[in-house]
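**Q** So for the sequence shown, the numbering used here puts the first residue at 451; every next one is plus one.
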Amino acid sequence: MKFYVTTPIYYVNDRPHIGHVYTTTIADIAARFHRLCGDEVFFLTGTDEHAAKVVDSAAEHGMTPQQWADQNAQAFQETFAKLGITNDDFIRTSQPRHKEKAQQYMAELLKTGDVYLGEYEGWYDAGQEEYLPENKAKEYEFKSPINGKPLVRKREKNYFFRLSQYSDALLKLLEERPGFVQPDVRRKEVANRIREGLNDIPISRTSEHNWGIRVPGDEAHVIYVWIDALFNYLSAVDNPERRHFWPADVHLIAKDILWFHAVIWPTMLMALKRELPRQVYAHSFWISEGQKMSKSLGNFVDLEKIDRYVADFGLDALRYFLARHGPLGINDSDFADARFNDVYNAELADKMGNLVNRTLTMIQRYRNGIVPQPKDEALRAVAEKMVSAYREGMGCLDFVGALEALWDFVVRSNQYVEESAPWKLAKDPANARQLDGVLYNLAESARLISVLVTPFMPTIAQQIRTQLGVADKLQVFSDEIAWGRLAAGTKIGLVAPLFPKRT
Ligand code: MSP
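1) With respect to 8 Å, is the separation between the Cβ of L924 and the closest non-hydrogen atom of the ligand MSP below this value?
2) Leaving aside the five residues before and after T514 along the sequence, list all residues of the same chain whose C-beta is less than 7 Å from its C-beta, in chain order.
3) Roughly how many angstroms lie between the CA atoms of H701 and D634, to the nearest whole one?
4) Let's see if you can read the secondary structure: which residues bound the beta strand (DSSP E) around E930?
5) Taking the DSSP output, what are the residues bridged to E569?
6) Based on the DSSP output, what are the partners of Q741 in its beta bridges?
7) Grab the span of the alpha helix (DSSP H) containing S617 for me, first residue to last.
8) What is the DSSP secondary structure of H711, reduced to helix, strand or coil?
9) Flag this pair as yes or no: are the beta carbons of V602 and Y574 separated by less than 9 Å?
10) Quick one: is P457 buried, meaning 16 or more other Cβ sit within 10 Å of its Cβ, or exposed?
11) Which partner residues does I673 have in the DSSP bridge list?
12) Could you pull the DSSP bridge partners for Y461 from this structure?
13) On the three-state DSSP scale, how would you describe K593?
14) Check K452 in the structure and name its three-state DSSP category.
15) Under 8 Å: does the beta carbon of F710 sit that close to some heavy atom of the ligand MSP?
16) Can you check which of these residues, G748, M743, K745, L798, is closest to L961 by C-alpha distance?
17) Say yes only if the C-beta of W736 is nearer than 8 Å to one or more non-hydrogen atoms of the ligand MSP, and no if none qualify.
18) What residue does the alpha helix (DSSP H) around I899 start on, and which one ends it?
19) Exposed or buried, what is D792 when buried is set at 16 or more other beta-carbons lying within 10 Å of its beta-carbon?
20) Report the partner residues of F493 according to the DSSP bridge assignment.
21) Going by C-alpha to C-alpha distance, which of L778, A502, I820, T809 sits closest to Y731?
22) Taking only heavy atoms of the ligand MSP into account, decide whether any of them is closer than 8 Å to the Cβ of L702.
23) CB-CB under 8 Å to N608, same chain, minus the five flanking residues each way: which ones, in chain order?
24) Under 9 Å between the Cβ atoms of D688 and W676?
25) So does N682 have its beta carbon nearer than 8 Å to some heavy atom of the ligand MSP?
26) I think G957 touches F949, with their Cβ atoms under 8 Å apart; what is that distance to the nearest whole Å?
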């Protein structure tokens with residue numbers, strides 16, 4: 451099976467922050483899980499570079515827009531590399547490979563009869579590069595709902611796309627394929643807004659600057675930056691080697707840009723007669739220390755702060771926190787320092803770290819570091835039930851559910867240690883076989899946990915496997931999850947705490 455996952459392409463004007471890191475990390479976890487399952491994965495992220503504000507910022511910094519974009523795109527690439535993100539490609543909309551394809555798609559659109567030249571006047575949110583409908587503009591008191599800056603009344607001659615003709619097709623799509631927009635609440639929001647009526651939308655802008663992709667055959671216009679950006683998902687794989695990846699399996703985004711992905715993108719694809727992506731998944735937002743992140747409040751979880759967390763707790767702990775306590779569903783999540791600390795200590799150090807550590811220490815102490823023979827399969831049924839819940843969660847981006855199932859199993863395994871009290875069994879040689887069996891079950895649980903945490907905490911997973919003496923490369927998921935795979939007689943490695951306690 452193939453699996454094609456994308457993140458939004460980020461505005462090249464921004465500095466990478468926790469929001470960008472979050473979506474990209476979630477996509478990374480999905481990609482790693484599918485690779486583990488043996489799927490052929492293509493994981494795409496990148497930068498959106500043709501926004502008008504790039505021209506202004508470049509000028510402020512005495513650079514050309516391209517120089518400015520090069521510098522900032524590099525910051526994103528470096529950040530993702532540093533954070534161990536395993537994207538297969540990084541697309542930049544200023545790259546010739548993208549520009550060529552975008553022009554080709556635009557030329558195709560111009561021929562469809564769905565596009566006409568018209569004039570537009572409306573309320574423009576310059577920060578977001580989008581027009582707001584009259585009622586929305588009013589609702590937000592003519593200020594940007596995103597950055598609070600005043601909306602601008604703007605009039606432009608543009609190429610328009612007949613979005614208004616697509617209401618029925620879109621509503622049918624959302625009804626027939628409820629998985630197309632997830633979570634459900636978001637799909638319903640989109641459907642309601644479509645029912646309010648769709649206006650035709652501009653897909654070009656008069657080119658005031660020489661920055662953007664020209665509309666083929668009309669020098670006076672560039673492709674509207676949002677349309678240019680959406681094309682990236684297709685342009686990146688629109689070549690003989692990668693064509694089989696289309697349609698994308700999931701476009702991972704946040705709720706702020708759902709409209710573009712759930713309404714505008716599929717209609718573009720319908721007009722272009724291309725297959726639609728299988729899913730658009732819109733997660734919610736991180737806030738910070740209980741408040742919306744904002745530069746003026748100084749509570750932005752920026753790169754410097756992210757670096758500090760990685761230095762203090764380790765990259766894997768950060769990934770775990772993002773996946774387990776992040777805004778994957780419909781609620782926003784709070785990135786709070788105290789909360790991070792608690793999670794690290796309670797869930798990582800006390801539960802998982804402790805289970806693995808005590809298991810290995812006992813094997814060291816009571817069995818000279820050799821994994822003993824199994825006796826019964828006391829944990830097998832719970833393990834199998836957990837694996838199936840985990841699998842289900844991983845398959846539908848319910849990483850919170852998958853991790854909950856896994857952590858229940860960790861808790862159950864810790865209880866099993868208490869109930870079977872190996873330290874008591876060890877006192878009487880008559881219990882030797884019983885003790886073997888308990889230690890084997892625990893070691894096998896640790897092995898299983900190492901497999902299942904791999905997409906979330908790849909380094910920790912490898913550490914567990916090294917300590918357990920099974921450091922060789924993981925085989926395919928379906929084999930690895932079979933209970934009893936750990937060979938008796940395995941010599942364990944050096945035992946060390948996975949998550950040293952923090953105060
Ligand atoms: N360039 C457009 C996207 C074009 S995609 C064809 C854009 N860029 S952006 O830099 O503003 O990125 C928006 C995305 O960043 C969100 O959809 C989300 O993935 C991520 N996040 C930005 N802030 C966020 C939070 N506070 N919390 C979680 N994710 C957020 O829009």
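Using N, Cα and C, we set each Cβ at its ideal position, and we do this for glycine too.
No experiment lies behind these values; they were computed from the predicted model shown.
**A** Result, derived from the coordinates:
1) no
2) Cβ neighbours of T514 beyond the five flanking positions: A508.
3) 15 Å
4) Careful: E930 lies outside any beta strand (DSSP E), inside the alpha helix (DSSP H) at 927 to 930.
5) K607
6) S738
7) From DSSP, the alpha helix (DSSP H) with S617 extends over 617 to 626.
8) helix
9) Yes.
10) A small correction: the amino acid at residue 457 is Thr; Pro does not occupy that position in the sequence shown. The residue in question, T457, is buried, as its Cβ has 16 or more Cβ neighbours within 10 Å.
11) S654
12) D498
13) strand
14) strand
15) yes
16) This structure cannot settle anything about residue 961, because the visible part of the chain is limited to 451 through 953.
17) W736 has its Cβ nearer than 8 Å to a heavy atom of the ligand MSP.
18) Its alpha helix (DSSP H) spans residues 882 to 902.
19) It counts as exposed.
20) V455
21) L778
22) yes
23) L567, G568, E569, Y570, P652, I653, S654, R655, T656, H671, Y674
24) no
25) yes
26) Only positions 451 to 953 of the chain appear in the structure, and residue 957 is not among them; the question remains open.
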